[in-house]
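Below you'll find the structure, written out as C-alpha cells, and then a few comments.
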Amino acid sequence: MNSPRPPVVVARQLTKYFGEKRVVDGLCFDIRQGEFVGILGPNGAGKTTTLRMLVGNTPPGSGELSVLGYAIPVEGRTMRARIGVVPQQDNLDIDFTVVENLRIYGGYFGLAERALKVRIPWLLELAALTDKAHARIGQLSGGMKRRLSIARALINEPELLVLDEPTTGLDPQVRHNIWNMLRQLQNEGLTIILTTHYMEEAERLCGRIILMDRGRILADSSPQVLIRDHIEPHVLEVHGANAENWRRSLVRLEGQRCERVGESIFHYGDDLETLVRSLDSWEGVHYVYRRANLEDVFLKLTGRDLHDA
Amino acid sequence: MLEAARRWKSVWRRNAWVWRKGARTALLGGFVEPLFNLLILGFGLGSYVGRVAGLPYLDFLAGGILATSAMNAATFEGLYLAYTRMAVLKTWDGMLAAPLSLADVVMGEVLWMGTKSLIAAGLILTVLAGFGLASGWAALAVLPLAFLAGVCFGSMALVVTSFARSYDFFVYYITLGITPMVLLSGVFFPSDALPPAVRVGSECLPLFHVVALIRPLLAGGLDLALLGHVAVLLAFAVSMILLAIWRLECRLTQ
Ligand SMILES: Nc1ncnc2c1ncn2[C@@H]1O[C@H](COP(=O)(O)OP(=O)(O)OP(=O)(O)O)[C@@H](O)[C@H]1O
Ligand SMILES: [Mg+2]
Chain D
1 MNSPRPPVVV
11 ARQLTKYFGE
21 KRVVDGLCFD
31 IRQGEFVGIL
41 GPNGAGKTTT
51 LRMLVGNTPP
61 GSGELSVLGY
71 AIPVEGRTMR
81 ARIGVVPQQD
91 NLDIDFTVVE
101 NLRIYGGYFG
111 LAERALKVRI
121 PWLLELAALT
131 DKAHARIGQL
141 SGGMKRRLSI
151 ARALINEPEL
161 LVLDEPTTGL
171 DPQVRHNIWN
181 MLRQLQNEGL
191 TIILTTHYME
201 EAERLCGRII
211 LMDRGRILAD
221 SSPQVLIRDH
231 IEPHVLEVHG
241 ANAENWRRSL
251 VRLEGQRCER
261 VGESIFHYGD
271 DLETLVRSLD
281 SWEGVHYVYR
291 RANLEDVFLK
301 LTGRDLHDA
Chain C
1 MLEAARRWKS
11 VWRRNAWVWR
21 KGARTALLGG
31 FVEPLFNLLI
41 LGFGLGSYVG
51 RVAGLPYLDF
61 LAGGILATSA
71 MNAATFEGLY
81 LAYTRMAVLK
91 TWDGMLAAPL
101 SLADVVMGEV
111 LWMGTKSLIA
121 AGLILTVLAG
131 FGLASGWAAL
141 AVLPLAFLAG
151 VCFGSMALVV
161 TSFARSYDFF
171 VYYITLGITP
181 MVLLSGVFFP
191 SDALPPAVRV
201 GSECLPLFHV
211 VALIRPLLAG
221 GLDLALLGHV
231 AVLLAFAVSM
241 ILLAIWRLEC
251 RLTQ
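If you read the protein sequences in the order shown, they are chains D and C.
Straight run, no breaks: the first sequence in the UniProt record's numbering ends on number 309.
Straight run, no breaks: the second sequence in the UniProt record's numbering ends on number 254.
Shown next, in the form of C-alpha cells:
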C-alpha cells in the first residue's frame, strides 16, 4: 500500500526531554502531501513541543526528523521558507496595521515589495479582512486576529501549514469561518497539520488523527476508523441529580461498558435501547443517546483522570 | 554573507519602522535630557572648574555626554524594548517562525541598537556644532563610533535581557552596572583623578574607550593612536554578540 504522494514530514523515534522529563517519547509517523492531520491529546501531551521540533524551533533530544526533504533542525531555517506557522498564542505586531503586518512578515521571507503588492490583497480577501486593511491590530476582534495570523502564515505560498490550536477561545461562528478557510486551502492542495482540543473540529476537518498522550502516539488513523476500532457504536450519556441513584438501580448488563467522567455517566454498547427505556421512570436525570464519536475515543484512550493537574 | 545581511535588515527594518511611527516623541526625549545635562552641568560646574585636561569644562563634558547618550539609547533599546519584543509581544517568536535564525534576529536587533545610538549622537552633534563645541570634519567620525558603541552596549544589554524574568531585573544592571560605569569612565572628570587601582579597572570598561575616542574627535584631532580604542570596542562587540546569541538560544530554543 504505497501511496504515490511524497512524504512532507518523516519522524522516526522523535524524542524530547525537558530536564528529566520525557515530554515527547519516540514518535514515528509520516505525513504525505495533501494530508490534513489533526494532533489531539490532553493538556501537556506534547503537541506544541512536537510542532516546535517540526518547524525547527527546538532541537529534538534524539531521533530523526525531516520536513520537505530538509534535515531538521540543521536545515530548519531554509525549510521554513517553504512552510507557514500559526502559533498557539497570537504574536501579531501590535505597532502596525493589518497590511503593514503582512508587509513586515513578507520582509522576513525576503519577498519583494512587488510580489507582496499582488499577494497581500489576495490574502486579505481569503481572510475576509479587506475592509480592515488599514486597521490597527488593537482594533481587531479575536477572530480577525486569528484569521490574520493564518493569512500571515500564507504569505510565502507555503507547501505545508502548521497550526497550533487555531480556534481555541473563538466563538462558534468564527470557528466555522476558520474551518471554511482551512478546507479551501486543503482543496488547493496544501498539506495541513493542526492541533486542537475540539473533537468536532478534528472530526470535520481532519482526514487523519494522531492521538497523543504523555508524549506517545496512542492511535493514528482516520476519525471513522478510530471510532470503529476503539469504541462501541452507541453511547448513553446520563447526568443530573438522580443519575447516580439510577445507575445503582441497574442490574449488571452484558456487553456493555460503563464509565464516569466528572458528573456524567457514560454507557457504551451495541444496543442500549433497554437502558434508555429504563430512564423513562426517573425524574431528575438528563440523558443523550447517540452514536459514538471521536470524543468518546479520546476519553477512552487517554484515560479519564485529569493527569496534567 | 549578502543573504545573511538581507535577513538582518528585515529585522532592522521592522524596528526602524516602529521607531519612525513614534519618532517625534522619541527624538524629543532623545536629546532634551542630554542637552539639559550638558548645559546645566557645563555652565554650572564649568564656572567653578575652569579648564579640565586642557579643555574648557563645557567642551570636556560635551564628549562625555555624547558618549553616554549613545550608550543609553542602545541600552534602553536592548533592555526594555527588546524584552518587550522577546517576552511580552513575542515578536521574536514570529520572526523565528519565518526563515530567520536566532542569530539573524540578534544581529538585526543589535544593528538597530547601533542605529539608535547613531541617531542620538547625530542629534547631539548637531546641537554641539550649533554651540561651536564640535569643530572640524573629524567630529563626523563620531557618528560611526556611536554606531559601534551602540552595538557594544546593545549586545551587552541583550545578554542581561536573556536572564530577565521581568522589567524589574534591569534596575540591578542600571544601578550596579551602567551608573558606576558612567562615573568611572571619564565622563564628568578625567579618570586620572581616580586612585591608580580603580583607574586600571576603569580602562576595562567599554564606555571608557568610547569617551576616549569621542572627546578628541570633537576637538578636531584625528590621531592614529585612537585605533587602539576602536580595536577594543570591536573585540568587545564581537564577544558580546556571540554571548547574546548563545544565551538567547539557551533561553528561547530549549
Ligand atoms: N520550555 C519548557 N520547559 C520545561 N517544560 C516544558 C517546556 N515547554 C513545555 N514543557 C512541558 O512539556 C510538556 C508538554 O508541553 P506541550 O506544550 O508540548 O503540551 P501540549 O500538548 O501542547 O499542551 P496544551 O494542550 O496545553 O497546549 C508539559 O508538561 C509542559 O509543562
Ligand atoms: Mg500546546
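Idealized CB from N, CA, C, for every residue including glycine.
- Query: Would you say residue 118/C and residue 139/C are within 9 Å of each other, going by their C-beta atoms?
  - Reply: Not closer than 9 Å, so no.
- Taking the C-alpha atoms as reference points, what is the distance between residue 238/C and residue 196/D? Those two C-alpha atoms are separated by around 44 Å.
- Enumerate in chain order the residues of its own chain whose CB-to-CB distance from residue 206/C is below 6 Å, with the five nearest sequence positions on each side excluded. Around residue 206/C: 152, 236.
- Proximity test, residue 47/D beta-carbon vs ligand 2 heavy atom, cut-off 8 Å: Residue 47/D: yes, Cβ under 8 Å from ligand 2.
- Length-filtered (4 minimum) alpha helix (DSSP H) runs lying within the stretch 168-230 of chain C: Complete alpha helix (DSSP H) runs here, min 4: 169-173, 179-184, 196-202, 206-218.
- Item | Chain-ordered neighbours of residue 139/D on chain C, where CB pairs are closer than 7 Å | Near residue 139/D there are no residues of chain C at all, since even the closest Cβ is about 16 Å away, more than 7 Å.
- Task: Under 6 Å Cβ to Cβ from residue 218/D, same chain only, skipping five residues before and after it: list those, please.
- Result: Contacts found: 211, 301.
- How many angstroms separate the CA atom of residue 130/D from the CA atom of residue 144/D? Computed Cα separation, rounded: 11 Å.
- Does any heavy atom of ligand 1 sit closer than 8 Å to the C-beta of residue 164/D? Yes, ligand 1 has a heavy atom inside 8 Å of this Cβ.
- Task: Could you tell me whether any Cβ in chain C is nearer than 9 Å to the Cβ of residue 99/D?
- Result: No, because no Cβ of chain C sits closer than 9 Å to the Cβ of residue 99/D.
- Query: Would you call the stretch 118-133 of chain D and the stretch 97-104 of chain D touching, i.e. three or more CB-CB distances under 8 Å?
  - Reply: Look at the beta carbons and you see the stretch 118-133 of chain D touching the stretch 97-104 of chain D: at least three pairs across the two are nearer than 8 Å.
- What residue range is occupied by the uninterrupted beta strand (DSSP E) comprising residue 83/D? Start and end: 83-86.
- Query: How is the alpha helix (DSSP H) around residue 90/C delimited, first residue to last?
  - Reply: Per DSSP, residue 90/C lies in no alpha helix (DSSP H) and is assigned neither H nor E.
- Item | For residue 222/D, the first and last residue of its enclosing alpha helix (DSSP H) | Premise fails: residue 222/D is in no alpha helix (DSSP H) and is neither H nor E.
- Query: Name the residues in the stretch 77-110 of chain C whose C-beta lies less than 7 Å from a C-beta of chain D; which are they?
  - Reply: Only those residues of the stretch 77-110 of chain C whose C-beta falls short of 7 Å from the nearest C-beta of chain D are listed: 89, 90, 91, 93, 94, 95, 96, 97, 98, 99, 100, 101.
- Task: Note down, in chain order, each residue of its chain lying with its Cβ closer than 6 Å to the Cβ of residue 246/D, except the 5 sequence neighbours on either side.
- Result: Result list for residue 246/D: 282, 285, in chain order.
- Message: Against residue 253/C, what residues of chain D qualify as contacts under a CB-to-CB distance less than 8 Å, listed in chain order?
- Response: Counting only Cβ-Cβ distances below 8 Å, residue 253/C has contacts in chain D at 57, 58, 59, in chain order.
- Task: Determine the direct distance from the alpha carbon of residue 187/D to that of residue 34/D, and round the result to whole angstroms.
- Result: When rounded, the distance between both Cα atoms is 8 Å.
- Message: Tell me the DSSP secondary structure of residue 212/D in three-state form.
- Response: Note: residue 212/D maps to strand in three-state DSSP.
- Quick one: list the residues of chain C neighbouring residue 95/D, beta-carbon separation under 7 Å, in chain order. Residues of chain C with a Cβ closer than 7 Å to the Cβ of residue 95/D are, in chain order, 18, 21.
- Counting Cβ pairs, one atom from each stretch, are 3 or more of them under 8 Å apart for the stretch 217-235 of chain D and the stretch 267-283 of chain D? In short, these stretches touch, since the Cβ pair count reaches three.
- Message: Counting only beta-carbon separations shorter than 9 Å, does residue 87/D have a partner in chain C?
- Response: Chain C, which has a Cβ nearer than 9 Å to the Cβ of residue 87/D, makes this yes.
- Could you list which residues in chain A have their beta carbon closer than 7 Å to that of residue 13/C, in chain order? This model lacks chain A altogether, as its protein chains are D and C.
- Item | Closest residue to residue 90/D among 167/D, 41/D, 57/D (Cα-Cα distance) | Checked all of 167/D, 41/D, 57/D; the closest Cα to residue 90/D is 167/D.
- Task: Specify the secondary structure class of residue 176/D as computed by DSSP and reduced to three states.
- Result: In the structure shown, residue 176/D sits in a helix (DSSP, three-state: H, G or I).
- Message: Between residue 78/D and residue 253/C, how many whole angstroms is the CB-CB distance? I'm expecting something under 8 Å.
- Response: Not quite, the Cβ-Cβ distance comes to about 16 Å (not below 8 Å), so this is no contact.
- Task: Tell me, please, whether the CB atom of residue 165/C is closer than 9 Å to any CB atom in chain D?
- Result: False, the Cβ-Cβ gap to chain D never drops below 9 Å.
- Message: From the DSSP secondary-structure annotation, give me the bridge partner or partners of residue 264/D.
- Response: Its beta-bridge partners are 261/D.
- Query: Going by C-alpha distance, which of 215/D, 170/D, 297/D, 293/D is nearest residue 61/D?
  - Reply: Its Cα nearest to that of residue 61/D, the residue 215/D stands out among 215/D, 170/D, 297/D, 293/D.
- Message: Please report whether the beta-carbon of residue 215/C lies at a distance below 9 Å from any beta-carbon of chain D.
- Response: Using a CB distance cut-off of 9 Å, residue 215/C does not count as an interface residue toward chain D.
- Contacts around residue 223/D, its chain only, beta-carbon distance under 7 Å, and the 5 residues preceding and following it disregarded: The residues are 202, 203, 206, 209, 294.
- Where residue 253/C sits in the DSSP three-state scheme: Coil.
- Exposed or buried, which one is residue 104/C when buried takes at least 16 other CB atoms within 10 Å? By the neighbour-count rule (16 or more Cβ atoms within 10 Å), residue 104/C is buried.
- Nearest-angstrom Cα distance between residue 75/D and residue 169/D? So the two alpha carbons sit approximately 34 Å from each other.
- Query: In chain C, what lies closer than 7 Å to residue 193/D by C-beta?
  - Reply: Listed by position along chain C, the residues whose Cβ is nearer than 7 Å to that of residue 193/D form an empty set, because the closest Cβ is around 14 Å away.
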